[in-house]
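*Asks:* The structure's right below; bear with me while I get my questions together.
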Amino acid sequence: MYEYHTSGTCSTKITFDIKDNKVTNVKFTRGCAGNLLGISTLIEGMEVDEVIERLDGLPCGSKSTSCPDQLAQALKKYKQNNA
């Protein structure tokens, strides 16, 4: 289980597993429960790079980041630390 503490979003933490380069068991702490559960369900089993490509840079309202963007940042950091 990998843990990432978010910045600039309502969610405060994201945990996830990577199995065979696929994202699994994504859980957000705090934030918009329904939306984040939807995101977690939609990306379950998706390749790490595809999730990054789809979610990287997405804003939330006037914020320059979002919970999906923070997940992309978490996955980038995971890749850096596990290359």
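Under the UniProt record's numbering, the letters of the sequence shown match residues 1 to 83, in that order.
Where is the CB? At the ideal position from N, CA and C, for every residue including glycine.
1. What distance in whole Å lies between the Cβ atoms of E44 and T24, which are believed to be in contact at a cut-off of 8 Å?
2. Please state the DSSP three-state secondary structure of N35.
3. When you compare only the Cα positions, how much space is there between N81 and S40?
4. Quick one: measure Cβ to Cβ for R30 and T12, integer angstroms, because I've assumed they're closer than 8 Å.
5. Tell me, to the nearest whole angstrom, how far the beta carbon of P68 is from that of L58; I am working on the premise that it is less than 8 Å.
6. Cα-Cα, which of D20, S64, C10 and E53 is closest to L36?
*Replies:* Judging by the given coordinates:
1. For this step, residue 24 is matched to residue 24 along the sequence shown. For this step, residue 44 is matched to residue 44 along the sequence shown. Between E44 and T24 the Cβ distance is about 6 Å, and since that is below 8 Å, they are a contact.
2. Numbered from 1 along the sequence shown, position 35 holds the residue referred to as residue 35. For N35, the three-state secondary structure derived from DSSP is helix.
3. Counting from 1 along the sequence shown, the entry for residue 81 is found at position 81. Counting from 1 along the sequence shown, the entry for residue 40 is found at position 40. Roughly 22 Å separates the two Cα atoms.
4. Within the sequence shown, residue 30 is the residue found at index 30, counting from 1. Within the sequence shown, residue 12 is the residue found at index 12, counting from 1. Going by Cβ atoms, the distance from R30 to T12 rounds to 5 Å, so yes, they are a contact pair.
5. Sequence index remark: in the sequence shown, residue 68 carries index 68 (1-based). Sequence index remark: in the sequence shown, residue 58 carries index 58 (1-based). That belief holds up - the Cβ atoms of P68 and L58 are roughly 5 Å apart, short of 8 Å.
6. Position 36 of the sequence shown, counting from 1, holds the residue named residue 36. Taking only the C-alpha atoms, the option nearest L36 is C10.
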